[in-house]
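Residue numbers (the working numbering): 233 to 497.
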């Protein structure tokens, strides 16, 4: 299986206001085991822009869970901070936010017809069981041009080790080729493709060969994969979800994967 590296044109950002909402929000299954609360951050640029007879400005918004467990909090904080710019890395969401606003403030001085930018990050706990935590992060932004960019990313954590959980810990890498074969059958049925139809007709798979990415999560029904815009289809086609039911892959799963599955019932 080939690992797809998602390319996002995420810019640079700051956060000055903080609001905390108490309570926690688990996914559709499982019982909350980690304590957390949701926090929100927001900042606007001081530069106002005329936009169809009204004033507009660049902003950065974020909402995400903050965990009492410091080991988990450290892992989650690093994932929420995108760090997708090859020339810069950030130690915190606040740092990334500062850079975004600063970048806009510099750019507006040179743009004859400026438009407001935005970044919006929404991170949510979707699974929280004794051994497994999963986050879904929706990241959208606009930095000029015909349309903005958006992506949905899954992040998985092994709570028994207080560490990230990779696909290889659920399905061993030696079984990935078999996993791809099973997934392709489901994909072709979902996309109304015949078993022989050439994927290059409408998709962007490398070498015209179907393969899963590693943007996955586990739910009560199976392994859920998500392809973001431009990964396998044009922007206008949006994202593509692909659910691989557990019965079709149970023989491929590790003991750890089976244990997590049992907790998600």
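Where a beta carbon is used, it is the ideal one built from N, C-alpha and C, also for glycine.
Remember, it's a predicted structure, so these values are computed and weren't measured experimentally.
Alpha-carbon spacing of residue i relative to residue j, whole angstroms
| i | j | result |
| --- | --- | --- |
| residue 334 | residue 276 | 11 Å |
| residue 508 | residue 313 | One cannot answer for residue 508 here, as it falls past the ends of the chain, which runs 233 to 497. |
| residue 362 | residue 443 | 31 Å |
| residue 257 | residue 307 | With a pLDDT of 41 at residue 257, under the threshold of 50, the modelled position of that residue is not reliable, and no figure is offered here. |
| residue 436 | residue 466 | 8 Å |
| residue 269 | residue 299 | 7 Å |
| residue 410 | residue 429 | 20 Å |
| residue 496 | residue 452 | 5 Å |
Residue i, DSSP secondary structure in three states
| i | result |
| --- | --- |
| residue 497 | coil |
| residue 426 | coil |
| residue 322 | coil |
| residue 477 | strand |
| residue 491 | helix |
| residue 335 | helix |
| residue 353 | strand |
| residue 266 | coil |
Supposed contact pair residue j and residue i - C-beta distance, whole angstroms, cut 8 Å
| i | j | result |
| --- | --- | --- |
| residue 383 | residue 460 | 5 Å |
| residue 380 | residue 392 | No, residue 380 and residue 392 are not in contact; Cβ-Cβ is about 39 Å, not under 8 Å. |
Among the options, the one whose alpha carbon lies nearest that of residue i
| i | options | result |
| --- | --- | --- |
| residue 351 | 289, 406, 409, 364 | 289 |
| residue 484 | 473, 402, 471, 470 | 402 |
| residue 456 | 463, 446, 464 | 446 |
| residue 271 | 477, 395, 326 | 326 |
| residue 310 | 284, 378, 364, 388 | 388 |
| residue 282 | 340, 321, 301, 329 | 340 |
- beta strand (DSSP E) runs contained entirely in the segment 435-473, provided each spans 3 or more residues: For the segment 435-473, whole beta strand (DSSP E) runs of length 3 or above, ordered along the chain, are 448-450, 454-459.
- Secondary structure, beta strand (DSSP E): runs of 3+ residues fully inside the segment 268-323: Listed in chain order, the complete beta strand (DSSP E) runs (minimum 3 residues) inside the segment 268-323 are 268-283, 286-299.
- Task: Please specify which runs of the beta strand (DSSP E), each continuous and at least 3 residues long, are wholly inside the segment 378-420, giving them in chain order.
- Result: Whole beta strand (DSSP E) segments, 3+ residues: 381-390.
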